[in-house]
Ligand code: GGG
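Here it is, written out as structure tokens:
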């Protein structure tokens, strides 16, 4: 029996509703595949901020430093400025634990309708690799002549050779393990004159180390159009922090709903715990109604299982998601009327009995 100590951070809004569904499915997978979990729940988030002035206690990272993984719901709620909640929790964990890879699968799942015409399951199968610790997400800069007509705000993007090289190499290695062996990188080097040509330069150099991978490059604007018009052309797509974030939401929309999109914030060297969270945020507009789709959270749990070395259990969870997408129940975003809890229970129940080998399932 494998045992894993997992830090649970429900966070804010619908994070508190979808995370329990994710845990329920992981427990079902654990019972079936001989994995036990020690859950260590932390009440960090916007309520904590309103009580203490901080999203997490000062020693938060030290407290969970030796856990096997972090399973997070969502962050952000009205009453706390979004940049405070994001930087005080999500970004602090990503950077503090050097989770420099953000993996975001974009897949059109069976029985999910894409808003794109004539697209069916399998037509969209992209692994988005987002640089997760530097780039446009930056707190460096200044505000000058505040309150005057000449008010000027400067925000500095920071790209390091180490940061760009390591995410590019990670993406090329990933592409080399996928059947299509294709990689696309996204920049905007016609409009952004320093950082983006630098990214292109490093990417082109690293591409030479991988002659077996078909690599190409697009500016982010036309790439967004191609995601909509011919998403089947893309396999691994690698982008900077901001561009990767935007592309992953665009991709999730093309694949039917952001409610099912998973993500993994990975420290590939395993020096620190990695963190698994749905792509969606805290959705204050539907919080407290038990109608949020828990599949993004559950699929992120499958990515966590795979990261922890339980590929069969991970495949079983994804196969169970595929089954429930076919049979129902479904939440509102997928045209159904089921609650968060009902969908979580159905997937957990399916995990107990499904044959993962018969499904083409993979996190
Ligand atoms: N599921 C975590 C969450 O709340 N994400 C919302 C968000 O705004 N994330 C920004 C980011 O991933 O950089």
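Residue numbers (my numbering): 877 to 1239.
Ideal Cβ positions, reconstructed from N, Cα and C, are used throughout, including at glycine.
Values in this document were obtained by computation on a predicted structure and should not be read as measured data.
Let me know if residue i comes out buried or exposed under the rule of 16 or more other beta-carbons within 10 Å of its beta-carbon.
i	result
residue 1240	Nothing can be reported for residue 1240, as the shown portion of the chain is limited to 877 through 1239.
residue 834	Outside the displayed span of the chain (877 to 1239) sits residue 834, for which this structure offers no information.
residue 1145	exposed
residue 1017	exposed
residue 942	exposed
residue 1229	exposed
residue 1021	exposed
residue 944	buried
Among the residues of its own chain, which have a CB less than 7 Å from the CB of residue i, if the five just before and after it don't count?
i	result
residue 893	1166, 1168 and 1216
Roughly how many whole angstroms lie between the Cα atoms of residue i and residue j?
i	j	result
residue 1048	residue 1110	14 Å
residue 1066	residue 1072	8 Å
residue 1087	residue 1056	14 Å
residue 1120	residue 1084	23 Å
residue 980	residue 1044	15 Å
residue 1219	residue 1042	38 Å
residue 1223	residue 877	23 Å
residue 1046	residue 977	8 Å
residue 1053	residue 1139	19 Å
residue 908	residue 1193	11 Å
residue 1134	residue 988	12 Å
Residues in the same chain with beta-carbon distance under 6 Å from residue i, minus the five sequence neighbours each way, listed in chain order, please.
i	result
residue 940	883
residue 1091	1059 and 1083
residue 1019	1029
Please indicate yes or no: does the CB of residue i lie closer than 7 Å to some heavy atom of the ligand GGG?
i	result
residue 1154	yes
residue 948	yes
residue 962	yes
residue 842	This structure leaves residue 842 out entirely; the chain is present only between 877 and 1239.
residue 1059	no
residue 952	yes
residue 1015	no
residue 1177	no
residue 878	no
residue 1158	yes
residue 966	yes
residue 1121	yes
Apart from the five residues on each side of it in sequence, which residues of its chain come closer than 8 Å, Cβ to Cβ, to residue i?
i	result
residue 985	997, 1131, 1132, 1136, 1197, 1198 and 1201
residue 960	925 and 931
residue 965	885, 887, 920, 921, 931, 932 and 951
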